[in-house]
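Some notes on the structure that comes next.
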Amino acid sequence: MSTLKKSARVLPEVNFSDWGDVRSLHLGTPWIQGTMRLDAPYDIELEYVQRMMAWLLFMDPATLPRRHAMQLGLGSGALTKFCRKQLKICTTAIELNPQVLHACRGWFKLPADDAKLRVVIADAAEEIRNPMWAGNVDALQVDLYDDDAAAPVLDSAAFYADCRRVLSDDGCMTVNLFGRASSYPQSVAKIAEAFGADAVWAFKPTREGNTVVLAQRTPSRPGRERLAERAENIQTQCKLPAAKWLRVFKPMEPKLRSPA
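With the working numbering as the guide, the letters of the sequence shown map in order to residues 47 to 306.
In structure tokens:
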């Protein structure tokens, strides 16, 4: 069973909508918090969510069976399902709202907890400081937005420093930065403060305005040939458009400006 840690917050109602063969999760508003294609429930449908898997570019494929992925924010469970069902790696998700978990299990095909899957109902800001996670996460995927989707719920240098502490030496964090507020440069500056400017990479924004930023626990600059080789393997083995990623994914410049 999933671990439960109660919160006193008033949490939004969770519902879903179907449009053709795509099901979307909502937190009491029209904003889409995640999607699933009904005929391919374990694939990743949204482009920005696919890009949250960019940490695979920095991992030797032979090491994947021993890796551990963690998601902060369950959403529709797309990343959690992909890591557990497609990559078959140990996966942990941290989610504040128990209704989101119930929705994912009832409407979005999220498997039950097992030896390689655990969902913890907790405040991510608190849970990420649990000593049991320190150095034990290889891929940390952060997608934390409230029902209004205005700006990241957790977005401080201290929070990103906590994220860095849970990563293994060659681990990576990917973060979805999206919102109606002009917070992107500030968010990236906070990530750089916690990880170091030379550890930060970023995609160009999607058409919808989502920008995925990646930060490495230990900075590295793999050559284009190595990245292209990894991308080809990801595309073949994982059915993700990784070759296209390399055209829109680069190390951040020292001034950490928003990618054009």
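Glycine is no exception: its CB is placed at the ideal position from the N, C-alpha and C atoms. Since the model is a prediction, treat every value here as computed from it, not as a measurement.
query                                                                                                           : result
C-alpha gap between THR282 and GLU93, whole angstroms                                                           : 17 Å
Buried or exposed (CB count within 10 angstroms, at least 16 for buried), VAL56                                 : exposed
In chain order, each beta strand (DSSP E) run of at least 3 residues that lies wholly inside the stretch 83-124 : 114-118
Where the beta strand (DSSP E) containing ALA296 begins and where it ends                                       : The identity of residue 296 in the sequence shown is Lys, whereas the question assumes Ala. Taken as a continuous stretch (DSSP letters only), the beta strand (DSSP E) holding LYS296 covers 295-297.
Enclosing beta strand (DSSP E) for THR220 [first to last residue]                                               : 213-223
C-beta contact flag for ILE167 and ALA124 at 8 Å                                                                : no
Buried or exposed (CB count within 10 angstroms, at least 16 for buried), ALA158                                : exposed
Which residues DSSP lists as bridging HIS72, in chain order                                                     : ASN61
Residue span of the beta strand (DSSP E) that contains LEU139, given as start and end                           : The residue asked about is misnamed: residue 139 is Ala in this sequence, not Leu. Note, ALA139: beta strand (DSSP E), 136-141.
8 Å CB neighbourhood of SER233 in its chain, flanking five on each side removed                                 : PRO198, ASP201, VAL221, LEU223 and VAL259
Anticipated Cβ contact below 8 Å, HIS148 with ILE135, distance rounded                                          : Rounded, the Cβ-Cβ distance is 24 Å, inconsistent with contact.
beta-carbon ASN182 near the ligand SAM non-hydrogen atom, thresh 7 Å                                            : Looking at this structure, you won't find the ligand SAM or any other ligand, since it has none at all.
Exposure label - GLY74; buried when at least 16 CB within 10 Å                                                  : exposed
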